[in-house]
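**Q** In the working numbering, the protein residues as written are 58 to 247.
Structure below; questions to follow.
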């Protein structure tokens with residue numbers, strides 16, 4: 058499936074892990090690139106980051122995660138992904154970010170703007186922290202997330218195609234509700 062903006066989580070990881078970024082404190086200009094890309098899904102900053110890190114960095118991250126069906130594209134939003142590969146990434150997403158920048162990455166994934174908090178964000182069980190990224194283009198609505206409570210983790214990816222925005226977001230929410238049904242603050246995921 059075409060990734061749309063879901064690939065921006067991978068762009069953030071490759072940027073934070075880049076040899077020129079990973080060993081230093083994040084500058085205001087670095088935060089001005091990654092924050093809008095993640096929090097409000099800004100495309101211009103995503104393009105600047107992809108041009109900086111390159112598609113090869115995305116492919117290296119995909120191999121490191123163990124993704125089996127990942128393919129970059131000339132246009133970053135046309136990157137090909139699967140739900141299985143994205144849940145593999147999100148289940149341990151913090152561990153793929155260099156330790157120095159891990160808290161920043163997770164804070165950004167937890168602070169998506171309110172106008173983009175649909176689907177999985179509306180199905181989050183009480184007591185579970187939510188870290189996620191959405192992606193949409195006409196006919197495609199995608200969301201990938203990590204829910205965490207202490208050491209417990211659950212990753213969910215919902216990729217839809219052929220639906221309008223309202224229907225796609227409704228499907229994301231309903232699939233997430235069904236997948237997360239029974240997940241309570243005291244439950245242990247399997």
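By construction, the Cβ of each residue, glycine as well, lies at the ideal position given by its N, Cα and C atoms.
What are the uninterrupted segments assigned as beta strand (DSSP E) that are 3 or more residues long and contained completely in the segment 121-159, given in chain order?
**A** List check, beta strand (DSSP E) in window: nothing returned.
**Q** Counting along the chain, where does the alpha helix (DSSP H) carrying residue 110 start and finish?
**A** It spans 100-110 - the alpha helix (DSSP H) in which residue 110 sits, taken as one unbroken run.
**Q** Taking only three categories from DSSP, how would you classify residue 64?
**A** If DSSP states are grouped into helix, strand and coil, residue 64 belongs with the helices.
**Q** Less than 7 Å between C-beta atoms, sequence neighbours within five positions excluded: which residues of the same chain meet that for residue 92?
**A** Only 165 meet the Cβ criterion.
**Q** For residue 142, tell me which candidate among 132, 135, 156 and 127 has the shortest Cα-Cα distance.
**A** Of the candidates 132, 135, 156 and 127, the one whose C-alpha sits nearest the C-alpha of residue 142 is 127.
**Q** Once the 5 residues before and after residue 234 are set aside, which same chain residues still bring their CB inside 7 Å of it?
**A** Counting only Cβ-Cβ distances below 7 Å, and skipping sequence neighbours, we find 180.
**Q** Among all the DSSP beta bridges, which residues are the ones paired with residue 200?
**A** For residue 200, which the question treats as bridged, DSSP gives the partners 191 and 215.
**Q** Tell me which same chain residues have a C-beta within less than 6 Å of the C-beta of residue 61, skipping the five on either side of it?
**A** Closer than 6 Å at the Cβ level, and outside the excluded window around residue 61, lie 134, 192, 193, 194, 197 and 199.
**Q** One question on the structure: do residue 182 and residue 237 come within less than 7 Å of each other, judged by their Cβ atoms?
**A** In this structure, residue 237 lies closer than 7 Å to residue 182 by Cβ.
**Q** Would you report the Cα separation of residue 125 and residue 139, rounded to the nearest angstrom?
**A** Cα to Cα, residue 125 sits roughly 9 Å from residue 139.
**Q** Residues in the same chain with beta-carbon distance under 6 Å from residue 27, minus the five sequence neighbours each way, listed in chain order, please.
**A** What the structure shows of the chain is the stretch from 58 to 247, and residue 27 is not part of that stretch, so it cannot be assessed.
**Q** In this structure, does DSSP put residue 77 in helix, strand or coil?
**A** Residue 77: coil per DSSP, three-state reduction.
**Q** Can you tell which of 214, 97 and 112 has its C-alpha closest to the C-alpha of residue 129?
**A** Ranking the options by Cα distance to residue 129, first place goes to 112.
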